[in-house]
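The sequence shown begins at 1 in the working numbering and counts up one residue at a time. A virtual CB, placed ideally from N, CA and C, is assigned to each residue, including glycine. Values in this document were obtained by computation on a predicted structure and should not be read as measured data. Working notes for the structure below.
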Amino acid sequence: MMINKAQATLINKTIGCSRFVFNHFLSLWDHAYKETGQGLTYGTCSAKLPAMK
1 MMINKAQATL INKTIGCSRF VFNHFLSLWD HAYKETGQGL TYGTCSAKLP AMK
């Protein structure tokens with residue numbers, strides 16, 4: 001199955017956004033771990049997602 005340019009653009013944007021969100025929370029998790037010895041929970045991270053929109 002071949003994809004058209006619009007589909008390829010959408011896929012690339014989706015992957016880029018996913019990578020941005022992953023790296024953002026990885027940075028927050030790393031900072032929290034260095035400060036407290038504990039990482040962030042799923043609930044903490046998911047609660048911060050709406051503010052990123």
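Whose CA, out of the options, lies closest to the CA of residue i?
i, options, result
"Leu49", "Thr36, Gly39, Phe22 and Lys34", "Phe22"
"Tyr42", "Trp29, Gly16 and Asn12", "Trp29"
"Met52", "Leu40, Ile3, Cys17 and Asn12", "Cys17"
Just confirm the distance between the C-beta atoms of residue i and residue j, as a whole number of angstroms; I'd bet it's less than 8 Å.
i, j, result
"Ala47", "Gln38", "Between Gln38 and Ala47 the Cβ distance is about 16 Å, and since that is not below 8 Å, they are no contact."
Can the beta-carbon of residue i be found closer than 8 Å to that of residue j?
i, j, result
"Phe20", "Cys45", "no"
Count the other CB atoms, across all protein chains shown, that sit within 10 Å of the CB of residue i; report buried if there are 16 or more and exposed otherwise.
i, result
"Leu110", "Given a span of 1 to 53 for the chain in the structure shown, any question on residue 110 remains unanswerable."
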